[in-house]
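Each protein sequence line maps, in turn, to chains A and B.
In case it helps, our numbering puts the first sequence at residues 15 to 319.
In case it helps, our numbering puts the second sequence at residues 312 to 802.
Before any comments, here is the structure.
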Amino acid sequence: MNQCLTFLLAMLALGTGAVNTAAAGKLNVVATLEDLASIARFVGGDDVTVAGIAHGGQDAHFLDAKPSYLVKLNRADVLIENGAELEVGWLPVLVDGARNRRILPGAPGRVNAMAGIEMLEVPATLSRAEGDVHPQGNPHFTLDPANGKIIAASICNAFCACAPDRAATFRANLAAFDKRLDESLARWTAMMAPLKGLKIVTFHRNFSYFARRFGLQAAGTLEPKPGVPPSPGYLANLIVTMKTEGVKLILAEPYRDLKVAQFAAEKSGAKMLVAPAGVGGNDDSRDYFACFDWLLGQIVKTVVP
Amino acid sequence: MKTSRYPLIGGMALALAVAAEAAIEPPDWQQVLKELRELREEQKSLRQTVAGQQKTIETLQRQIAASDEKQKLAAEAAAALAPAPGAMPATPGAPGAQADTAAKALAAPGGSPFRIGGGRSYMDISLDVLAAAAWTSKPDSETRNLQFGGHDPHERGFTLQNAELALQGIVDPYFRGDAFIIMQIDRGETIVELEEAYLTTLQMPWNLQLKGGQFFTEFGRLGSSMPHPHTWSFADQPVIWGRMFGPDGLRNPGARVSWLAPTPFYLELFGAAQNAEGGTASSFLNSPGETFAGRTLTGRSVRNWSDLLYTTRAAASFDLDDENTLSLGASAAFGPNSTGGDTRTVIYGGDIYWKWKPVQNDHGWPFLKWTTEALGRSYDAAAQWDPATGVPLFRDETLHDWGLYSEIAWGFERPWIAAVRADYANGGAGHDPLRDRRVRLSPNITYFFSEFSKLRLQYNADWAAHLNDNLAHAVFLQFEYLMGAHGAHKF
């Protein structure tokens, strides 16, 4: 019994110790998406360690609330979530279990990336007859690089609040990030200019923000409603529409039912591009910039022979 | 001369015209012009209508042409997207026949990520209803001993297993609150129960968390991660669970503290103190008048701290890799029982849970989950005498029971899950339905219409020592639906 108690006390001491060192050293940051983690790495530089949970090759809606994530959240100084209910199936239960006041909603260390974003596809009424709709709008906004600047600013604010002594560094990093993003965006826009108005079909509405930014026209989705798999009848209608409208490209994330995308591409004559929707989805998309470099490069390569 | 005649004729004509006009009402030029305009408008609109109709005809012709193509495409799609021979069909029915099964919505296996209401309300409210149709080889009186769980389908015909009203929300910056009010219908009577109502702290220091109120005791995997019947992979609860914790699980008013250890892996230690009375603590004080192993239970109030129920649990979890997670747990519960004045019960248990889910998954599919849980009980049963005659009925003894269940759930293809569970329980008392040797095998298959509704077909083969011919069969068809915003479930 005494040994047990000593062990418990030792663990407790270790626990509080760990928390203290974390506060004194680098900021310990957890981001739900690799997209957000990458932006946090640019803003935080050497003063933060960042762990991302879901990468671009994963469907962030359908992660399990693994206890290992709870451990990560317990030790985090900053938690960056996408918001708009993308992580609703697993994040709230983890935050409740993490017993970490630094990352509770409203705490300076809690960043909701949705703040300040102009949301698309916000439903006027809520009915699950419409499939798995998000009450706050389409949550896949990180795929518009212009939103990257808004997110980076939110992250910078949190970092500055949590480590005021390094605020100047964070602000300088943010300015550098913004500058690089502006330059990249100009380059990407020029690259996509010849494809303006290109009609595309996506599997899920993952690419709505992306399409808007780069002048692509979404002509439909392979799933009839968010989260609802297509029936043969729906698919046949869509394929005929794709032919009449002249859809050139199908974008599908690697975790989708690619048989469906393959079939639609074959029958409609559109090209299919299996594209991870975010950072870390493949070896080339190692950070926020590389992710767009790869994705836009692939689109140009696929559509322009 | 000739020229001078023209004005004359013109003048006459004018006079005639004026005379005629006077005779047959002079024309209203305004009116004529208006009618002319109207005629023109009408002609224009007619022309538009004809053009529109022409367009419609063309569209229809195109559609007729396209419809053949669509039918062909739909048939091809059905053929191309059908699973490999041998696997279950993704769309039931003939190819194309179920052309618009749009409602085949997303489903999430196991701990389904149910949705919270957009953070726009202070509280999430949801209603989950579980109902079942059952057919059993034994009469209902015997089935009730086999299907001992309070939410199990336990009679021929229909059972409303559980209607759970969940109210969940953040109280203030310091607490979250949860309440579960459950309703059942038992032989025409509606039973309403406050199943759980508890506060949980959100920001205690030193990695501690307090919980207080009425709550399920965090004992074992079933008790700590999935106490509510709609989260189970089966239509009924494991045999050993009913024996140890009664029809409704182990829950009572109390308080618990848990500590998250600062280890690199997940390790959480729990300690709880709760009341030991009532049907929701059936291995402990239970209710006066109930029986255990033949003995009548007496009423016993709390005299000192040792008359409360104490539970401890250690839970650990390891990510073996990105796709495999292994969780382990050990629990023990200590408390008084009321066969005598100073008798005690100890229940101990070990649980193991393994889940495989690929990183790239389609709405959570495919996956494989394996859960095994073993429980043992040591029950000090006091001697009892016939109050009238003083004849000894039972001697003083310690009764040992144990049992386990092991289940595998395989989400082989969205939105299907096939599962099988094996139950074993033994207390060495051949004729006591709650302490005899039991072996039960339960295969089932579940189909998710969406994340929020599912249908399950289950078969139970049940060998029980207390049954004369030993074997009982049961088939359950279970349906669940959930409305509203329901909090996310634990792993």
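Ideal placement from N, C-alpha and C gives every residue a C-beta, glycine not left out.
Outcome for residue i when other beta-carbon atoms lying within 10 angstroms are tallied against a minimum of 16
i, result
"M312(B)", "A caution first: M312(B) carries a pLDDT of 42, below 50, which makes its placement in the model too unreliable to give a value."
"A362(B)", "exposed"
"F155(A)", "buried"
"P403(B)", "With a pLDDT of 33 at P403(B), under the threshold of 50, the modelled position of that residue is not reliable, and the figure given next carries that caveat. So P403(B) ends up on the exposed side."
"S536(B)", "buried"
"S593(B)", "buried"
"G70(A)", "buried"
"G120(A)", "exposed"
"F469(B)", "exposed"
"L50(A)", "buried"
"K449(B)", "buried"
Nearest candidate by alpha-carbon position, reference residue i, set the options
i, options, result
"R746(B)", "G687(B), Q671(B), N597(B)", "G687(B)"
"M205(A)", "P106(A), T216(A), K315(A), K213(A)", "K315(A)"
"G211(A)", "L100(A), Y248(A), G59(A), A233(A)", "A233(A)"
"L236(A)", "E197(A), F224(A), Q276(A)", "Q276(A)"
"Q520(B)", "L84(A), R113(A), P106(A)", "R113(A)"
"P575(B)", "V62(A), D110(A), L87(A)", "L87(A)"
"G646(B)", "N586(B), W665(B), R624(B), P669(B)", "N586(B)"
"T609(B)", "A477(B), D630(B), L596(B), Y659(B)", "L596(B)"
"V215(A)", "L84(A), P243(A), Q231(A), D192(A)", "Q231(A)"
"D810(B)", "T607(B), R498(B), W570(B), A785(B)", "With chain B running from 312 to 802 in the structure shown, residue 810(B) is simply not present."
"D630(B)", "G480(B), W667(B), S642(B), P599(B)", "W667(B)"
Same chain only: Cβ atoms within 6 Å of residue i, ignoring 5 sequence neighbours per side
i, result
"L788(B)", "A444, L768"
"S628(B)", "Y577, S638"
"K281(A)", "I253"
"A508(B)", "A490, G524, Q525"
"A626(B)", "E579, G640"
"D618(B)", "P647"
"G741(B)", "D747, A776"
"V263(B)", "Since the first residue shown for chain B is 312 and the last is 802, residue 263(B) is missing from the structure and cannot be characterised."
"G265(B)", "With chain B running from 312 to 802 in the structure shown, residue 265(B) is simply not present."
Contact set for residue i: own chain, Cβ-Cβ below 7 Å, skip 5 residues either direction
i, result
"A36(A)", "Reliability fails at A36(A), whose pLDDT of 46 lies under 50, so the model's placement of it is uncertain and the value that follows must be treated cautiously. Counting only Cβ-Cβ distances below 7 Å, and skipping sequence neighbours, we find N42, R89, D91."
"E267(A)", "F217, N220, A289, P290, A291"
"G428(B)", "With a pLDDT of 48 at G428(B), under the threshold of 50, the modelled position of this residue cannot be trusted, and the question is left open."
"S299(A)", "G70, P290, V293, C305, W308"
"D146(A)", "P240, G241"
Span of the alpha helix (DSSP H) around residue i
i, result
"G58(A)", "48 to 58"
"V136(A)", "Segment: none, V136(A) is in no alpha helix (DSSP H) and carries neither H nor E."
"F530(B)", "Note, F530(B): premise wrong, no alpha helix (DSSP H); not H, not E."
"Q458(B)", "Note, Q458(B): premise wrong, no alpha helix (DSSP H); not H, not E."
"L252(A)", "246 to 259"
"R554(B)", "550 to 556"
"I481(B)", "Looking at the DSSP string, I481(B) is not in any alpha helix (DSSP H); the run it does join, the beta strand (DSSP E), is 468 to 483."
"Q585(B)", "Where Q585(B) is concerned, there is no enclosing alpha helix (DSSP H), although the beta strand (DSSP E) it sits in stretches over 577 to 585."
Extent of the continuous beta strand (DSSP E) run through residue i
i, result
"R124(A)", "124 to 126"
"Y621(B)", "620 to 630"
"I313(A)", "Careful: I313(A) lies outside any beta strand (DSSP E), inside the alpha helix (DSSP H) at 302 to 317."
"D196(A)", "Looking at the DSSP string, D196(A) is not in any beta strand (DSSP E); the run it does join, the alpha helix (DSSP H), is 181 to 206."
"P159(A)", "First-last for P159(A): 159 to 176, but that is the alpha helix (DSSP H), not the beta strand (DSSP E)."
"A90(A)", "Per DSSP, A90(A) belongs to no beta strand (DSSP E) and is neither H nor E."
"T654(B)", "654 to 667"
"K680(B)", "678 to 692"
Contact set between residue i and chain A, taken where Cβ atoms lie within less than 8 Å
i, result
"H797(B)", "Per Cβ cutoff of 8 Å: no residues; H797(B) is ~10 Å from chain A at best."
"S638(B)", "P81"
"G514(B)", "Note on residue identity: the sequence assigns Gln, not Gly, to residue 514(B). By Cβ distance, chain A contributes R113, N114, R115, L118."
"T511(B)", "D110"
"A776(B)", "Those within 8 Å of A776(B) in chain A number zero; the least Cβ separation is about 39 Å."
"S628(B)", "K80, P81, S82"
"Q520(B)", "G111, R113"
Interface residues of chain B facing residue i [CB-CB closer than 7 Å]
i, result
"P268(A)", "Q671"
"F155(A)", "Under the 7 Å cutoff, chain B gives no residues; its nearest Cβ is about 16 Å from F155(A)."
"V274(A)", "L392"
Listed by chain order, chain A residues near residue i by CB distance under 9 Å
i, result
"Y664(B)", "Within chain A, no residue comes near Y664(B); the closest Cβ sits about 10 Å away, beyond 9 Å."
Spatial neighbours of residue i in its chain, beta-carbon cut-off 8 Å, leaving aside the 5 residues before and after
i, result
"P153(A)", "N96, G97, A98, E99, L100, M128"
Under 9 Å from the C-beta of residue i: neighbouring residues of chain B
i, result
"Q72(A)", "V670, Q671, N672"
Proximal chain A residues relative to residue i, where beta-carbon distance stays under 7 Å
i, result
"Y577(B)", "P81, S82, L84, V85"
"K381(B)", "A250, N251, V254"
"A377(B)", "V254"
Where residue i meets chain B, residues with beta-carbon distance less than 8 Å
i, result
"K40(A)", "Residues of chain B passing the Cβ test: none, with the nearest at roughly 18 Å."
"D60(A)", "The contacting residues do not exist; D60(A) stays about 23 Å from chain B at best."
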